Amino acid sequence: MALNGLNAEQLQAALAPIGHNLIIASAGTGKTSTIVGRITHLLRSGVEPNRILLLTFTNKAAGEMIARLERYFPKDVVSKIEAGTFHAVGYRWLKAKNANVILKQPNELKTLFKSIYEKYNFSSANTDVSPFSALYLYDLYSLYQNASLELFEDWFLESYPDHQPFINLYLAVIDGFESEKISYGFVSFNDLLLRTIDEVKTNPMDFYEILVDEYQDTNTLQSSLVDAMNPNSLFCVGDYDQSIYAFNGANIENISTFSTRYKGASVFTLATNYRSTASILSLANRVIEHNPRIYPKQLKVGKEGKDLSPRLLAYHELFEQYHAIAHSIKTSHIPSNDIAVIFRNNSSADGVEAMLRELGIPCKRKGGSSFFDAREVKFLLDFLSLIANQKDIMAFLHIFEYGRGVGAATAKEFYQALVHFGDGSFKRGLYAPIKTDIPKTTSHLTQAGLFGDEELTPTNQKSLLASHPIGRHPKATPENMEFFSSYLELMKSLYDEKNPAKMVRKIVASKLYSTIVDQLSTARARAKNGEVDSSNKTQASERIYQKAKLFLELSSHYKELIRFLNAMILGGNELTQGDGVNLLTVHASKGLEFTEVYVVDLMEGRFPNTKLMSRGGDLDEERRLFYVAVTRAKEKLYLSMASYDKNKKIDFKPSCFLYEARMLKGEEMKETKEK
DNA sequence: CGGTTAGGGGTTTTT
DNA sequence: CCCCTAACCG
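So for the first sequence, the working numbering puts the first residue at 2; every next one is plus one.
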């Protein structure tokens, strides 16, 4: 049984009486085992599995715990446990209530927000202060939603009183954003939680116990969701030294005030670290000691065996560093899946990846940026999003911007014309227009008579379009109408299709997609002198179809289009691509462990990231990030830095954490001066 | 004059 | 790779 493997302190926590329990679990102290043990204990005590809710920070973590429970309990019991991230669980409940939820990617929502922001004139305010940019305001608004239950105005002016002259403009932008978001049918991550709270308040839940993993990174919005559910019992597991999501409103006070918020709360501490060697732990502790203590904490070393001292790797130049690390990894006897390169900023990843590739070492990165940000994948997502939500004008714009000579403005007119043809319905306007007059436009251009032009399009397209009123749109040109008819042809072939994978297969095989692949691969194969290398182009196009294949594979697990799309937004960047050495940001490394770890780019400015600190972050948080990074290592830890970036011509000073870790002596600090 | 497109500069972290 | 700016096109 899962409980047999626990040590005394873990067992005591796992068997805690029902009530409000906080488990302070330092890095590597068997947090996961304790949670699995706790659920084991609950199930063995006769608690119905569907009255257990396990909230984790990533869906992967939830999956791992569920998988471990399946070793001890029948699958049909374990599958009844509610488990997942706050967002995933909330989404599941709303979906069960038939709520109409169509998630939209944060970047898209930012673009929408910005477009509304730009309608307002901020220069009219009588002040020397310059207004926040649209994107900064968006981030603040999102932070507010996660961090505060007050009115935006109150929360905002507390921190930025000098922006008082803009407050009404800011509020108007936010109002406009909220209403436009609703009219397009979009739901943000934050909306998901807000709506879940509403749902839980109107239809109370009856959980016996809620377990919250990574409790130090829950924010006010999330903790108010937990409170709204009002469970009999709470089991929160966290470590304040690993709180690294302040930018998302993570509220360290959720931990520090736990015993005062919940009367009669019990606090347990897991202090024996089984993950790392004594010297890695003592390094981590030397650094984190510089942060204020909330609860006393003394780590005991539980690991036995050889103990290699952490090593400092210092190089002159950035790429020399990446190259040396790649070389060190190549000569390592550790399997590459057990090796990680960890960095503060994603910008470090490209250099490391390039050097590893040069030496033929496979590596994997978190899928998010590389996969879903790829334009060929975005196109597929946009195409499907518009089918799932015909009000999604943003998706339409992205699709039609691939049409030659079509930009956002023209695409928007086309969309509006189509909605007009369908008397309010985009799809009707596309498939079976009931109005054929062209709505009035802002354009003064009138290029009539494009139809009947002999060089126009192949005959079948012509007949496709001949019956469609969009061809008479003043912005219609032979090129963009050819694009349109490819689009229409594909849409018609998907008219009755409901299965996501079948849809994806048809899209990828379509003429429209091949047009896009051609555009993208041509652009990618174009050298600086403008020439297109045909073998490069073939390669680029192969890579695109490879991604499309992966996308198809992902879609095959879903029966409903909307569910597939939402799942891609909700858990999309949790999937890792490929096999090999792990390239991770510190944030992404949370909860993971590796035999050999390289923490790279340990220079002032990069790690700690001083740019962020000037924007409200603080050194304590950066120090926690460092702590998280080094405590991922089980046996070998390398701390690495470079003193110069030849591309940007920047000199670097070593990170203050290298001094705090006593990998560098204080005197050297004075010697390393800025030039 | 509005819109498109090409080219140069810059990049935080996540659900 | 994405965003912004400036030149270009109709």
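Positions of the beta carbon are idealized from the N, C-alpha and C atoms, including for glycine.
Quick caveat, the model's predicted, so the values are computed rather than measured.
Rounded separation between residue i and residue j - CA only
i: L346; j: K428; result: The residue you asked about is not Leu; residue 346 is Asn in the sequence shown. In a straight line, the C-alpha of N346 is about 43 Å away from that of K428.
i: I394; j: Q223; result: 31 Å
i: F187; j: I211; result: 29 Å
i: N286; j: R625; result: 11 Å
i: S494; j: S426; result: 19 Å
i: N537; j: Y546; result: 14 Å
i: S1; j: S260; result: Outside the shown range of the chain (2 to 676) lies residue 1, about which nothing can therefore be said.
i: A449; j: R527; result: Residue placement at A449 is poorly supported in this model, since its pLDDT is 30, which falls under 50; the coordinates are not used for a value here.
i: P297; j: D214; result: 21 Å
i: M66; j: F74; result: 12 Å
i: G408; j: V509; result: 23 Å
i: E359; j: Y639; result: 21 Å
i: D71; j: D155; result: Rather than Asp, the amino acid found at residue 71 in this sequence is Glu. Their Cα atoms are separated by approximately 48 Å.
i: Y145; j: E159; result: 12 Å
i: H21; j: Q13; result: 14 Å
i: D163; j: T611; result: 24 Å
i: E456; j: P470; result: Confidence is the limiting factor: at E456 the pLDDT is only 31, short of 50, which leaves the residue's position unreliable, though a coordinate-based value still follows. E456 and P470: Cα-Cα distance of roughly 19 Å.
i: T332; j: K666; result: 29 Å
i: F153; j: S143; result: 10 Å
i: S131; j: M664; result: 43 Å
i: K98; j: E83; result: 16 Å
i: S487; j: I400; result: 12 Å
i: H42; j: L300; result: 26 Å
Reduced DSSP category for residue i - H, G, I as helix; E, B as strand; rest coil
i: M690; result: Missing from the structure shown is residue 690; the chain here goes from 2 to 676 and no further.
i: H688; result: The structure shown does not extend to residue 688, since the chain is modelled only from 2 to 676, so the question has no answer here.
i: D646; result: strand
i: H291; result: coil
i: S184; result: helix
i: D652; result: strand
i: L16; result: coil
i: V174; result: helix
i: G425; result: coil
i: L314; result: strand
i: M604; result: strand
i: A449; result: A caution first: A449 carries a pLDDT of 30, below 50, which makes its placement in the model too unreliable to give a value.
i: E597; result: strand
i: I400; result: helix
i: A375; result: coil
i: L382; result: helix
Nearest neighbour of residue i, chosen from the options [CA to CA]
i: L593; options: P162, E480, T273, V342; result: V342
i: E318; options: E661, N390, K650, L659; result: K650
i: P205; options: D192, I183, M230; result: M230
i: T628; options: T59, N481, S134, P609; result: At residue 628 the sequence reads Tyr, which differs from the Thr that was named. Of the candidates T59, N481, S134, P609, the one whose C-alpha sits nearest the C-alpha of Y628 is P609.
i: A17; options: L4, I340, A28; result: L4
i: K304; options: Y216, I281, I289, Y275; result: Y275
i: I53; options: Y209, Q106, A266; result: Y209
i: L382; options: L12, A9, E109, A15; result: E109
i: V48; options: D308, A62, I19; result: I19
i: V587; options: K115, S134, N147, S244; result: S244
i: A15; options: T270, E622, R544; result: T270
i: G85; options: Q106, D77, A97, K61; result: K61
i: N500; options: L620, A541, Y559, T221; result: Y559
i: Y216; options: E543, V378, I256, L385; result: I256
i: I340; options: D351, P440, L357; result: L357
i: L284; options: G265, G6, R312, L55; result: R312
Chain-order list of residues whose beta-carbon lies under 7 Å from that of residue i (same chain, five-residue window excluded)
i: A389; result: I103, L562, I563, L566
i: Y92; result: V102, L193, N567, L571
i: D424; result: I435, K436
i: K635; result: R276, S277, E594, F595, T596
i: G406; result: T478, E480, N481
i: Q11; result: G31, S34, T35, G38, L271
Contacts around residue i, its chain only, beta-carbon distance under 8 Å, and the 5 residues preceding and following it disregarded
i: A403; result: Checking the displayed sequence, the identity of residue 403 turns out to be Tyr instead of Ala. Once the five neighbours on either side are set aside, the close Cβ partners of Y403 are F380, F484, T516, I517, Q520.
Near the ligand PLP: residue i beta-carbon under 7 Å from a heavy atom
i: M604; result: Looking for the ligand PLP in the displayed structure turns up nothing, as the structure carries no ligands at all.
Other residues of its chain near residue i: CB distance less than 6 Å, five sequence neighbours each side excluded
i: R69; result: V37
i: F658; result: V288, F627
i: A327; result: M356, L357, L360
Item to check | the region 22-37 / the region 184-200 touching (three or more Cβ pairs under 8 Å) | outcome: no
Item to check | the region 485-492 in contact with the region 501-514 per 3-pair CB rule at 8 Å | outcome: yes
Next on the checklist: Can you confirm whether the region 641-659 touches the region 320-337 when touching is taken to mean that 3 or more C-beta pairs between the two stretches lie within less than 8 Å?
Outcome noted: yes
Checklist entry - Do the region 350-368 and the region 579-586 make contact, defined as three or more Cβ pairs closer than 8 Å? => result yes
Item to check | the region 121-130 / the region 160-175 touching (three or more Cβ pairs under 8 Å) | outcome: yes
Item to check | At least 3 beta-carbon pairs within less than 8 Å: the region 192-201 vs the region 233-248 | outcome: no
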